[in-house]
Amino acid sequence: MEKLYLHLDKTTYSSGSTIWFKGYLVTATGHAPFAWSRFIYVELFDQSEKLVTRQKIKQLDGIFSGHIKLETALQEGEYTIRAYTTWMLNNGADFLFQKVIRIVNFQPSDVVSEIDYETGEDGKTTASVWFVDRFGNAVEGASVVCKVNLDENQVETFKRKTGADGKIQFDFVRENKGLNNQFVEVAFENSSAVHANKFFIPSSDGEDFDLQFFPEGGVFLAGKETHVAFKAIAQDGYSTEVSGYILQNGTDTVSFLTSEHRGMGAFTMKPLVGVEYAAFATNSKGQTKRFDLPPVVSEGAALSVKWLGDFLQVQIRARGENLPKPFYIVAHSCEVLLFTQLVEQLHYNIPTEILPEGMIHLVLVDGNQNPVSSRLVFVKKQPAARVSVQADQPNYRRREEVTLSINLQQTDTLLRTGDFSLSVTDDLVVETDSLADHIYSNLLLTSDLKGHIEDPAFYFLNDDDRTNYYLDLLMLTQGWQRFDIGDVINNQLEKPRHFLEVGQTISGTYEATILGKREGVPITALAVEPLISVSAEADESGRFLFNELDFPDSTVFTIQSQKYTKIRQEPAGFIEIDQDSFPSFSNLNQPSARASSASERLLRNAQQRMFFEGGGRTILLDEFVVTGADQRTKDMMEYGISSTVIDAKALAEQFPVEQMADFIVKTLPGVRYTNDQIFMRGGSTPAEIYLDEMNADLSFLSTIGSSEIEKIVVLNGANAAFYSQGGGGMGGVILINTKAGGSFERKLAGVIQYMPLGYQKPAEFYVPKYEVDSIRTSNEPDMRSTVYWNPKVNIDESGTTTVKFYTADPNTSYSYILEGITNRGEICRYKGKLSRTAE
Numbered sequence: 115m116e117k118l119y120l121h122l123d124k125t126t127y128s129s130g131s132t133i134w135f136k137g138y139l140v141t142a143t144g145h146a147p148f149a150w151s152r153f154i155y156v157e158l159f160d161q162s163e164k165l166v167t168r169q170k171i172k173q174l175d176g177i178f179s180g181h182i183k184l185e186t187a188l189q190e191g192e193y194t195i196r197a198y199t200t201w202m203l204n205n206g207a208d209f210l211f212q213k214v215i216r217i218v219n220f221q222p223s224d225v226v227s228e229i230d231y232e233t234g235e236d237g238k239t240t241a242s243v244w245f246v247d248r249f250g251n252a253v254e255g256a257s258v259v260c261k262v263n264l265d266e267n268q269v270e271t272f273k274r275k276t277g278a279d280g281k282i283q284f285d286f287v288r289e290n291k292g293l294n295n296q297f298v299e300v301a302f303e304n305s306s307a308v309h310a311n312k313f314f315i316p317s318s319d320g321e322d323f324d325l326q327f328f329p330e331g332g333v334f335l336a337g338k339e340t341h342v343a344f345k346a347i348a349q350d351g352y353s354t355e356v357s358g359y360i361l362q363n364g365t366d367t368v369s370f371l372t373s374e375h376r377g378m379g380a381f382t383m384k385p386l387v388g389v390e391y392a393a394f395a396t397n398s399k400g401q402t403k404r405f406d407l408p409p410v411v412s413e414g415a416a417l418s419v420k421w422l423g424d425f426l427q428v429q430i431r432a433r434g435e436n437l438p439k440p441f442y443i444v445a446h447s448c449e450v451l452l453f454t455q456l457v458e459q460l461h462y463n464i465p466t467e468i469l470p471e472g473m474i475h476l477v478l479v480d481g482n483q484n485p486v487s488s489r490l491v492f493v494k495k496q497p498a499a500r501v502s503v504q505a506d507q508p509n510y511r512r513r514e515e516v517t518l519s520i521n522l523q524q525t526d527t528l529l530r531t532g533d534f535s536l537s538v539t540d541d542l543v544v545e546t547d548s549l550a551d552h553i554y555s556n557l558l559l560t561s562d563l564k565g566h567i568e569d570p571a572f573y574f575l576n577d578d579d580r581t582n583y584y585l586d587l588l589m590l591t592q593g594w595q596r597f598d599i600g601d602v603i604n605n606q607l608e609k610p611r612h613f614l615e616v617g618q619t620i621s622g623t624y625e626a627t628i629l630g631k632r633e634g635v636p637i638t639a640l641a642v643e644p645l646i647s648v649s650a651e652a653d654e655s656g657r658f659l660f661n662e663l664d665f666p667d668s669t670v671f672t673i674q675s676q677k678y679t680k681i682r683q684e685p686a687g688f689i690e691i692d693q694d695s696f697p698s699f700s701n702l703n704q705p706s707a708r709a710s711s712a713s714e715r716l717l718r719n720a721q722q723r724m725f726f727e728g729g730g731r732t733i734l735l736d737e738f739v740v741t742g743a744d745q746r747t748k749d750m751m752e753y754g755i756s757s758t759v760i761d762a763k764a765l766a767e768q769f770p771v772e773q774m775a776d777f778i779v780k781t782l783p784g785v786r787y788t789n790d791q792i793f794m795r796g797g798s799t800p801a802e803i804y805l806d807e808m809n810a811d812l813s814f815l816s817t818i819g820s821s822e823i824e825k826i827v828v829l830n831g832a833n834a835a836f837y838s839q840g841g842g843g844m845g846g847v848i849l850i851n852t853k854a855g856g857s858f859e860r861k862l863a864g865v866i867q868y869m870p871l872g873y874q875k876p877a878e879f880y881v882p883k884y885e886v887d888s889i890r891t892s893n894e895p896d897m898r899s900t901v902y903w904n905p906k907v908n909i910d911e912s913g914t915t916t917v918k919f920y921t922a923d924p925n926t927s928y929s930y931i932l933e934g935i936t937n938r939g940e941i942c943r944y945k946g947k948l949s950r951t952a953e
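FYI, the numbering for the sequence shown is 115 to 953, going by this note's numbering.
1) What alpha helix (DSSP H) runs, 4 residues minimum, are completely inside the region 360-401?
2) Please specify which runs of the beta strand (DSSP E), each continuous and at least 3 residues long, are wholly inside the region 312-344, giving them in chain order.
3) In angstroms, rounded to a whole number, what distance separates the CA positions of E413 and F327?
4) Should R580 go down as buried or exposed, given a rule of 16 or more other Cβ atoms within 10 Å for buried?
5) Got a sec? Which residues, its chain only, sit under 8 Å from G481 by beta carbon, not counting five neighbours each side?
6) With a threshold of 8 Å on Cβ separation, who are the neighbours of Q523 within its own chain once the five nearest residues in sequence on each side are excluded?
7) Is it right to say F370 is buried, meaning 16 or more other beta carbons lie within 10 angstroms of its own, or is it exposed?
8) Whose C-beta lies closer than 6 Å to the C-beta of S519 among residues of the same chain, with five residues either side of it excluded?
9) Do you know offhand how far D224's Cα is from E802's?
10) Going along the chain, which residues of its own chain have a beta-carbon closer than 7 Å to the beta-carbon of L563, five neighbours each way excluded?
11) Below 6 Å CB to CB, which residues in the same chain sit around G728 once its five sequence neighbours on both sides are set aside?
12) Could you compute how far the alpha carbon of S96 sits from the alpha carbon of T669?
13) Measuring CB atoms only, is the region 766-775 touching the region 815-825, in the sense that at least three cross pairs come out at less than 8 Å?
14) Between P770 and the rest of its own chain, which residues show a CB-CB distance below 7 Å, the 5 nearest in sequence each way excluded?
15) In the DSSP assignment, find the beta strand (DSSP E) that holds E807 and state where it starts and stops.
16) Is the beta carbon of I935 sitting closer than 8 Å to the one on I848?
17) Can you tell me which of the three DSSP states F844 falls into?
18) Please name the residue or residues paired with S242 in a DSSP beta bridge.
19) Please specify which runs of the alpha helix (DSSP H), each continuous and at least 4 residues long, are wholly inside the region 453-534, giving them in chain order.
20) Which value, in whole angstroms, describes the spacing of the CA atoms of A952 and Y884?
21) Using DSSP's beta-bridge definition, name the partner residues of E116.
22) Contact between the region 655-670 and the region 864-877: three or more CB pairs below 8 Å?
23) D896 to K403, Cα distance in whole Å?
24) Helix, strand or coil for Q791 per DSSP?
25) What's the C-alpha gap between E545 and T126?
26) I need the boundaries of the alpha helix (DSSP H) containing T914, first residue and last residue.
27) Specify, as a first and last residue, the run of the beta strand (DSSP E) that V779 falls within.
28) In or out: V827 buried (at least 16 other Cβ within 10 Å) or exposed?
29) If distances are taken between C-alpha atoms only, which option among I866, S675, F671 and L640 comes closest to E651?
30) What would DSSP say about K763, mapped onto helix, strand or coil?
31) Once you ignore the five residues that flank V457 on each side, which residues in its own chain have a CB closer than 7 Å to its CB?
32) When the Cα atoms are used, what is the spatial distance from E633 to E615?
33) Ignore the nearest five residues each way along the sequence and tell me which others in D285's own chain have a CB closer than 6 Å to its CB.
34) Which of the three DSSP states, helix, strand or coil, is assigned to T591?
35) If you measure from the beta carbon of N219 to each beta carbon in chain C, is any gap under 8 Å?
36) So M202 and L118 are supposed to be a Cβ contact under 8 Å. How far apart are they, rounded?
Shown next, in the form of C-alpha cells:
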C-alpha cells in the first residue's frame, strides 16, 4: 500500500496567486520513500464539489513537486485539495490525501454583494442580500434572480427587486442543516451592470447533537467490567462537550459521564444481562437528550488494553461455556503481520520495542477464524533521526540575504540521507495553525483513519500522559476501516482494480467497417510537440495499446487506422479511445472550517496592502471566466491554443438569468462592438459569425437565448481561416453551436485527435536576485506572502545542507516549516521564526 502527503507553501491564498506543493509518496508500512508509482494526481474542488483543476505530476529527480495557478476570478471560499496515486484507489476514496484551504478574492467589482441568514422558530430561513457599487452606494431598483441550491433535487428560484437600501429578502426551508455544500446564487437580470455571486450557506450551529458509545473491544459483555468510550458531535460536524449520567431500566443511576477532550470521554461499568442502559447527556448549549447504549451481550469475548511503562498489556474478557476455542491474538500494522499469539492466559505483556511507531490493530480471532473483537492502539517512539534549522543571524533587514543551516541529527550510526521541502511565509498575512494536519500527524494518524479528525496535530505536541490518554480515546472512538481483518484471515481480499502507474499509456478499440478485419490492423499515434511517433496492432477484439509513452500536458495525438498506398486510401474503421476515469469527490463528512479571529485579522492585513505574488504585482482586472482548466485542454486540441471556448456550463454560471446571444457576443473577451458590428481586438474587418455553421448577424442572434447555446468559440489567425466559410477569417471567426443545432467538429473516418491528461511541466518558484544592486534598489515593492518555497532540500551523507533567500519589504516576522523523510522512513518536521528589523 502507498500513502501520499502534500506539503503546501501555505493554506490561505488569493485568487490569481499560485499554490506550491510537494508530494511525499511512501510505503504504508515503515514510510519508506520507495513507493512504485511514478505519477500522482492533485485536484482542487470548490465547496459545491465542483472540480476546479486536476494536475498530473511526474516523479522527477526522485520527487513529486508542482503548482496550481489560480484563476483571478475564482470564487472566494473554502476549497479542498485532494491527492492520490491510482494504486491508492484500491483502498477507496476515504484514504486519499485531503486538505481544506481558503481562497480569498481581492478582485475589484462594479457591484459587491453580501448575505446574512436568520432562522425563525418555524424553521424558515430568511436570507437578506445587500448590493452596493464600488463606491459603497446602495444599488436601487435592480432586478435580481435568486436560486437556493439545497441538494440536487431541491432548487428554489425567486425574483426580487432591490429597495432604496440595496437589499432583497427571500425565505426557504432547510431540511438537512448539516450539509456544507448548500448555496445561494444571485444574479442581475436585464441590468446594465453585470453581477453574479454565489454564497455557501453555513452548516447549522444549532443546539442539536449526537452521542455515540464504543465499548472497548467492540463488545458490551455482561458481567465484565467494561471501559466504554463516547464521542459527542454537534450539528456543524465538530465536537461538543457534554456531561450526564447512565440509567439502567430508566430508574437507577449506575454511572456518570463527562467529556474530557474534543467531545470524547470514557467511563467504566459492569453491564447485566436483560438490562437496558440509556444515557441522558447535556451539551454546552444546555440541550439534554437521551441516547441508548449498545445492547448487552450475554456470551462472547473481547479485548482490552492497558499501558504499563514500556509494555502494552492485552487482556481478554470472556463469558460463556460454548465459545469456539482456541482464541488467537493477531496484531498487524497496515498490511504487515506483527505477531500471532495463542490465547492460553487472560493477559499478555507486549514490549513496545517490538512494535513499530504508529497505529497497531489488535484482533481477537476465535477457533472458526472469525474476528470477534478488535482494539486500536497508538505507539509513540523517540525518533532515531531529527532535523534542526539554524539561521545565520537573529534579525534581518529589508531585502537582506538569509542563510539557514539544516542539520539531520541521529541517535545511532546508520547512514542516512533526507529529502525535505521548506516554506517561509509572512506572519502578517499568513496563519500557521499548530493544530492542523502536518506530515507527522498525517502519515502516522489521519491517513489510516476514516472520517474527520479534529486538530490532529494536537496529539503530537507533547508526549505526556494526558495527551496520550486523549490519543487513546481517539483510538477507541474513531475506528479502523482500511480493510477487513476477517477477509485477510480467510484469504478473501478483493483483487486490485487499479494498477500501479509507472508509465503513460493510450489504449482504445478499433471497429472495422463492414466486411473489414480488426486483428492485425496497424494503428499509429503521432504528436508534434513533443515529437512522438508510435504504432501498434489491433488484436482480434480490436483492442490496441500504446505504452512506454512520455508526454506533458497539452500534448495532442493524431491517432489513425487509415492505410495509404500510392494510388488509394484503403477503407478505414472507427477508433474509440479509452477515456481517463477519476474517483468521485464528496465533502459531505468534512465540516466547514471555523474562521479564527487571527484569520480575519490576517485577511484584513492582506487587503490593506497591495497584494503581490511571485515577485510581480497581480493586476486585478474584471474578467470573463470562460472554461474550467480541464475542458480548456480538450478545446485546445480541437480549436487551437489561441482559441477561447465558452461551454454551456460556463454560460450558465456567468449568466444565471437568461440573456440573448447578441448581448453575450458583445461581452466576449477580445471583442469590441462598433457600428452594429463585431470586431476582434486589433482587427480592421468585422468578425464572421456562424450559428450552427450558418452565417448570422446580431439581429438574428437577438432571438437566441443563452439556455439554447451549447458552445461559443472565438477564433483568430490560422484557426479562424480553417473555420471561415468564404471570408478567409481575416477579422476572426465566432462560432455558436445551439443544443439542437450542428457541431463544429470535422472528423475524418479512421482518424481522431486526442489530448490525454499529461504530466505538468516543471516550474520554479520566483526568488528575487537582490545580489544585483539595480534589482535590490528598485522601487518596485516586494510584498511576497510566501517569501520562499523550495521543494528540493536534500541532505546527503554529511548530514547538513544550507539554503539561501532574500527577505521582502514589510517589517514583520516570518514562519518557516521544514518537512521531509529520511531514506530509512523517519518522518521529520521543524518549525521556526525569523525576525525582520524595522527600518
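From the three backbone atoms N, C-alpha and C, an ideal C-beta is built for every residue, glycine too.
Per the coordinate set shown:
1) The region 360-401 contains no whole alpha helix (DSSP H) run of 4 or more residues.
2) Along the region 312-344, the beta strand (DSSP E) occurs as fully enclosed runs of 3 or more residues at 323-329, listed in sequence order.
3) In the sequence shown, the residue the question calls residue 413 occupies position 299. In the sequence shown, the residue the question calls residue 327 occupies position 213. Straight-line Cα distance between these residues: approximately 20 Å.
4) Position 466 of the sequence shown holds residue 580. So R580 counts as exposed.
5) Within the sequence shown, the letter at position 367 stands for residue 481. So the qualifying residues of the chain are P438, K439, P440 and F441.
6) What you label residue 523 is simply residue 409 of the sequence shown in a count that begins at 1. Same-chain partners within the cutoff: A499, R500, V501, S502 and G913.
7) For the purposes of this step, residue 370 is taken as the residue at position 256 of the sequence shown. Per the 10 Å Cβ criterion, exposed.
8) In the sequence shown, the residue the question calls residue 519 occupies position 405. Non-local beta-carbon contacts of S519 in its own chain, meaning distances under 6 Å to residues more than five positions away in sequence, involve Q504 and T916 in chain order.
9) One-based indexing of the sequence shown puts residue 224 at position 110. One-based indexing of the sequence shown puts residue 802 at position 688. For D224 and E802, the gap between their C-alpha atoms comes out near 31 Å.
10) For the purposes of this step, residue 563 is identified with residue 449 of the sequence shown, where counting begins at 1. Cβ within range, chain order: Q592.
11) Position 614 of the sequence shown holds residue 728. Annotation note: pLDDT 38 at G728 (below 50); position unreliable, no value reported.
12) In the structure as shown, the chain starts at 115 and stops at 953, and residue 96 therefore has no counterpart that could be examined.
13) Yes, since at least three Cβ pairs between the region 766-775 and the region 815-825 fall closer than 8 Å, the two stretches touch.
14) On the sequence shown, residue 770 is found 656 positions in, with the first residue counted as 1. Result list for P770: V259, K261, E299, A301 and A310, in chain order.
15) In the sequence shown, the residue the question calls residue 807 occupies position 693. In this chain, E807 is not harboured by any beta strand (DSSP E), its DSSP state being neither H nor E.
16) Counting from 1 along the sequence shown, the entry for residue 935 is found at position 821. Counting from 1 along the sequence shown, the entry for residue 848 is found at position 734. No, they are not a contact pair.
17) Translated into the one-based positions of the sequence shown, residue 844 becomes position 730. The sequence shown places Met at residue 844, rather than the Phe named in the question. Coil.
18) Along the sequence shown, one-based indexing puts residue 242 at 128. Paired residue(s): D230 and Q283.
19) Secondary structure within the region 453-534: not one fully enclosed alpha helix (DSSP H) run of 4 or more consecutive residues is present.
20) Residue 952 sits at position 838 when you count from the first residue of the sequence shown. Residue 884 sits at position 770 when you count from the first residue of the sequence shown. If I take the Cα positions, the gap works out to 19 Å.
21) Start at 1 with the first residue of the sequence shown, and residue 116 comes out as number 2. Under DSSP, E116 takes part in a beta bridge, and its partners are T141.
22) A contact is defined here as three or more CB-CB pairs under 8 Å, and the region 655-670 meets this definition with respect to the region 864-877.
23) Position 782 of the sequence shown holds residue 896. Position 289 of the sequence shown holds residue 403. Rounded to whole angstroms, D896 to K403 spans 56 Å at the Cα level.
24) What you label residue 791 is simply residue 677 of the sequence shown in a count that begins at 1. In the structure shown, Q791 sits in a strand (DSSP, three-state: E or B).
25) Residue mapping note: residue 545 aligns to position 431 of the sequence shown, counting from 1. Residue mapping note: residue 126 aligns to position 12 of the sequence shown, counting from 1. Cα to Cα, the separation comes out at about 8 Å.
26) Counted from its first residue, the sequence shown places residue 914 at position 800. For T914, there is no enclosing alpha helix (DSSP H); the residue is found in the beta strand (DSSP E) stretching over T914 to Y920.
27) Translated into positions along the sequence shown, residue 779 becomes position 665. DSSP places V779 in no beta strand (DSSP E) but in the uninterrupted alpha helix (DSSP H) bounded by A775 to K780.
28) Your numbering for residue 827 matches position 713 in the sequence shown. Burial call: buried.
29) On the sequence shown, position 537 is the one that residue 651 refers to. The option with the nearest alpha carbon to E651 is S675.
30) What you label residue 763 is simply residue 649 of the sequence shown in a count that begins at 1. Note: K763 maps to helix in three-state DSSP.
31) In the sequence shown, residue 457 corresponds to position 343, counting from 1. Excluding residues within five positions, the ones whose Cβ falls inside 7 Å are I430, P440, F441, Y442 and I443.
32) Here residue 633 is taken as the residue at index 519 of the sequence shown, counted from 1. Here residue 615 is taken as the residue at index 501 of the sequence shown, counted from 1. About 27 Å.
33) On the sequence shown, residue 285 is found 171 positions in, with the first residue counted as 1. Excluding its 5 nearest sequence neighbours in each direction, D285 has C-beta neighbours in its own chain below 6 Å: K238 and T240, listed in chain order.
34) What you label residue 591 is simply residue 477 of the sequence shown in a count that begins at 1. Of the three classes helix, strand and coil, the one that applies to T591 here is helix, per DSSP.
35) The chain inventory of the structure shown lacks chain C, comprising one protein chain alone.
36) Walking along the sequence shown from the start, residue 202 turns up at place 88. Walking along the sequence shown from the start, residue 118 turns up at place 4. The C-beta separation of M202 from L118 comes to about 7 Å, placing the pair in contact by the 8 Å criterion.
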